[in-house]
Amino acid sequence: MRLSIPLPPKIAHYVGPLIKSELPPQGMAFQVYILTSQRGRFVLKLAHTAAMSEALNKEASILRALHAYKPFVAQPLIEEALEDGHAFLFLYLPGEPLHSVLQQAEPAERAWLIRQFAQMLQRIHSWRPDLPYPHDWLATKLAWLHTKILARPRETLIANTNSSFDGQNAHHLLAELQAAKSTIENEIVFGHYDYCLPNVLMHAQHVAGVIDWSGGGYIDRRFDLATALFSLGLFEPLLPPDYQNIF
């Protein structure tokens with residue numbers, strides 16, 4: 612879809628005259644455009660609330676910290692303050708989202724694709740960018756989960772899935788984790804925080820890049836593992852029966 616959009620001044624000067632601007636193939640939390648000019652292809656993210664501007668600024672700082680890990684991470688270019696928010700320009704990463712590739716793949720290819728997904732997560736967990744290190748990630752996350760669970764209706768559909776949020780079960784699981792907290796050791800690594808199939812880009816059956824780093828940082832590695840397995844579980848009918856063992 613081609614669009615005509617006014618660009619922030621510094622970004623417009625850097626990109627130059629547009630050949631085309633498009634929306635990304637999947638929805639994003641931010642307002643996002645893919646820009647093409649004679650200078651190349653770029654992604655422009657716009658935020659128009661204080662909370663979204665803070666999240667966008669965080670993503671920009673994370674991408675700057677990850678500059679040594681290209682080509683798997685987009686290279687940040689320009690941040691620009693807007694009257695009503697924040698703009699961030701970075702290089703476009705080519706590739707097709709893994710969930711689309713998985714749906715189109717032959718059954719014999721799917722185990723290979725899942726293995727690529729798992730190996731990329733292992734690679735990310737080996738990175739050591741210069742970012743803040745949490746004192747007690749698990750305690751902080753359990754407190755955050757408690758507020759989120761209390762704020763959410765007991766039974767709600769999860770967007771873009773056939774699954775629903777089971778509030779009663781969530782309360783039981785949280786209580787079990789809180790009771791066992793003193794016996795659980797943090798396994799802190801650098802993580803993505805939303806490591807799901809749509810955020811992994813593929814080219815020629817290999818991972819070409821990973822996008823959406825706004826939550827990235829030092830976290831318990833099991834959080835990324837749980838997110839990855841939940842994402843795969845949404846496509847379980849397509850997957851080999853032992854797909855979880857690949858992780």
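Numbering (this note's numbering), first residue to last: 612 to 858.
Glycine included, each C-beta is placed from N, C-alpha and C at the ideal position.
Check	Outcome
Does the separation of the CB atoms of E707 and F699 fall below 8 Å?	no
I need the DSSP call for V712, collapsed to helix, strand or coil.	helix
Tell me the DSSP bridge mates of L693?	G696
Evaluate contact between the region 799-814 and the region 708-716, counting only Cβ atoms and requiring at least three cross-stretch pairs below 8 Å.	yes
Could you compute how far the alpha carbon of Y744 sits from the alpha carbon of G826?	14 Å
What's the C-alpha gap between Y806 and R650?	30 Å
Given this structure, state the Cα-to-Cα distance separating L693 from L713, to the nearest angstrom.	39 Å
Given this structure, state the Cα-to-Cα distance separating L688 from S793, to the nearest angstrom.	43 Å
May I have the straight-line CA-CA distance separating Y854 from F701, to the nearest angstrom?	34 Å
Given this structure, state the Cα-to-Cα distance separating Y829 from I799, to the nearest angstrom.	6 Å
Quick check: L749 and N780, are their CB atoms within less than 8 Å of each other?	no
Can you list, in chain order, the residues of its chain with a C-beta nearer than 8 Å to that of L836? Leave out the 5 residues immediately preceding and following it.	L732, F858
Using C-beta distances below 7 Å, list every residue in its chain close to K669, excluding the 5 sequence neighbours before and after it, in chain order.	S825
M612 by DSSP, collapsed to three states: which one?	Summary for M612: the model assigns pLDDT 47, below 50, so the residue's position carries little reliability, and this model does not support an answer.
Report the rounded CA-to-CA distance for L677 versus L742, giving the unit in angstroms.	10 Å
Residues in its own chain within less than 6 Å of D666 by CB, not counting five upstream and five downstream?	In the sequence as displayed, the identity of residue 666 is Ala instead of Asp. Hits under 6 Å: S825.
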